[in-house]
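Participant: Residue numbers (mature numbering (1 follows the signal peptide of the UniProt record, and there is no 0)): -25 to -1, 1 to 113. Heads up, the beta-carbon is just placed ideally off N, CA and C, and yes, glycines get one too. Since the structure is predicted, the reported quantities are computational estimates derived from the model, not experimental observations.
1) With DSSP run on the structure shown, which of helix, strand or coil describes residue 56?
2) Determine the burial state of residue 88: buried for a count of at least 16 other Cβ atoms within 10 Å of its Cβ, exposed for fewer.
3) Do residue 42 and residue 12 count as a contact pair if the criterion is CB distance below 9 Å?
4) Leaving out five residues before and five after residue 20 in sequence, what residues of the same chain have Cβ atoms less than 6 Å from its Cβ?
5) Is residue 45 helix, strand or coil when you go by DSSP?
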């Protein structure tokens, strides 16, 4: 008798699970995927001549979240230790603007022409954007 009750219970559980899954599968699933996108006003900047007496300069690369989802800047990578980049650590809503500040520090360097790159990593459609700075330290 216990075996009959166990089989009956197991069969009824499987039957109810099957019908529940079938109902869920028959309902259309509406899922809207929102994507962030990043649009920079400029992607390159020339500092021109930077005097050795004041060898540090900065530029703000302004961008807009031109997508439909929240934009997150995940990180930045610079091509040289003489270049630092600062970015927002909070999500940027669609239509909002923000910036990546790039600082060139020519202290303890000789007269030189420089051309540096900054990679901005985001959750946007194009995950990585490369920014560039150039100039002459003299």
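Facilitator: Result, derived from the coordinates:
1) coil
2) exposed
3) yes
4) 34 and 108
5) coil
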